[in-house]
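Enquirer: Sequential numbering of the sequence shown, starting at 84, is according to our numbering. Don't be surprised by glycine CBs; every beta carbon is placed ideally from N, CA and C. The model shown is predicted, which means the values in this text are computed figures rather than measured ones.
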Amino acid sequence: MPLWSTRSLYLHCPSRERGMPQGGPSGELSLTTWFDEEFLETKEQLQKLQDGNHLLFQQVPMVEIDGMKLVQTRSILHYIADKHHLFGKDLKERTLIDMYVEGTLDLLELLIMHPFLKPDDQQKEVANMAQKAIIRYFPVFEKVLRGHGQRFLVGNQLSLADIILLQTILALEEKIPNILSAFPHLQEYTVKISNIPTIKKFLEPGSKKKPPPDDIYVRTVYNIFMP
Ligand SMILES: N[C@@H](CCC(=O)N[C@@H](CS)C(=O)NCC(=O)O)C(=O)O
């Protein structure tokens, strides 16, 4: 999941769903803005959710929305994206968005797993992630943006693909600040998407955006999920 599956996140929106301002949802960038969040801190909390039959496959993340208890990260993302018009205007756009999202998630998943590597392997993995980003993923999006000259990746309106890509770029820049140096269109794109008012607000200090994972987070995840 994006970020939140390994963040042991249990999201719920029990009473009324709040208005989703344009700038829409996905992964950490959005869900934290509009949902009440509950983070697991202990094994017992997970056990309680499992025992109460709240989790279809006994796993988090779970989002309560529209009378459903949604699980499976991608299903959650797709539901919210569809509901808030972030998933294209037809099947072809939707599939393009989905392909961009899945490719980007392959990169984001490396970042998510990074804190769980042994210290000796972490530095090597930063080099691997940089190489993957620079050789495999960023050239694709640079070419897309250069090719159509528009602000967003698909259909000239914000989509799930933009949100996941922005999240990935920002997370990668935390580790490798000059990662976009060879990608001028992606640089401009990152600035523009980051300046969409709702996203800008979310990126400002004091928002619900998570800090980079630290040792306490890693330990908490191990304590909850390791037998
Ligand atoms: N395919 C699922 C995987 C979810 C998953 O692996 N959740 C882990 C935490 S990150 C979990 O709840 N593990 C508890 C268990 O399997 O008992 C998704 O994408 O949401």
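Which whole-angstrom value is the C-beta distance of Phe-224 and Leu-248, which I expect to be below 8 angstroms?
Expert: At roughly 6 angstroms, the Cβ-Cβ gap stays under 8 angstroms, so Phe-224 and Leu-248 are in contact.
Enquirer: Within 7 angstroms: the Cβ of Pro-144 and any heavy atom of ligand 3?
Expert: This structure lacks ligand 3; its bound ligands are ligand 1.
Enquirer: If you measure from the CB of Gln-250, is any heavy atom of ligand 1 nearer than 7 angstroms?
Expert: For ligand 1, not one heavy atom lies less than 7 angstroms from the Cβ of Gln-250.
Enquirer: Counting Cβ pairs, one atom from each stretch, are 3 or more of them under 8 angstroms apart for the segment 189-203 and the segment 211-218?
Expert: Enough Cβ pairs lie closer than 8 angstroms, so yes.
Enquirer: Less than 7 angstroms separating the Cβ of Thr-156 from some heavy atom of ligand 1?
Expert: Answer for Thr-156: yes, Cβ within range of ligand 1.
Enquirer: Counting along the chain, where does the beta strand (DSSP E) carrying Leu-169 start and finish?
Expert: Leu-169 -> no beta strand (DSSP E), and no H or E assigned at all.
Enquirer: Which residue wins for smallest C-alpha separation from Asp-181, given the options Ile-299, Val-146, Ile-307, Arg-157?
Expert: Of Ile-299, Val-146, Ile-307, Arg-157, the residue nearest in Cα terms is Arg-157.
Enquirer: Considering only the alpha carbon of each residue, which of Ala-216, Ile-159, Glu-287 lies closest to Asp-70?
Expert: This structure gives no information on residue 70, because the portion of the chain shown stretches from 84 to 310.
Enquirer: In angstroms with no decimal places, state the Cα-to-Cα distance between Asn-227 and Thr-251.
Expert: Position check: residue 227 holds Val in this sequence, whereas Asn was assumed. If I take the Cα positions, the gap works out to 17 angstroms.
Enquirer: Tell me the DSSP secondary structure of Val-154 in three-state form.
Expert: Strand.
Enquirer: Pick helix, strand or coil for Ile-148, following the three-state DSSP scheme.
Expert: In this structure, Ile-148 counts as strand in the three-state DSSP scheme.
Enquirer: When the Cα of Lys-175 is compared with those of Ile-246, His-231, Gly-238, Asp-297, which residue comes out closest?
Expert: Nearest C-alpha to Lys-175: Gly-238.
Enquirer: Which value, in whole angstroms, describes the spacing of the CA atoms of Ala-254 and Glu-127?
Expert: Going from the Cα of Ala-254 to the Cα of Glu-127 covers about 31 angstroms.
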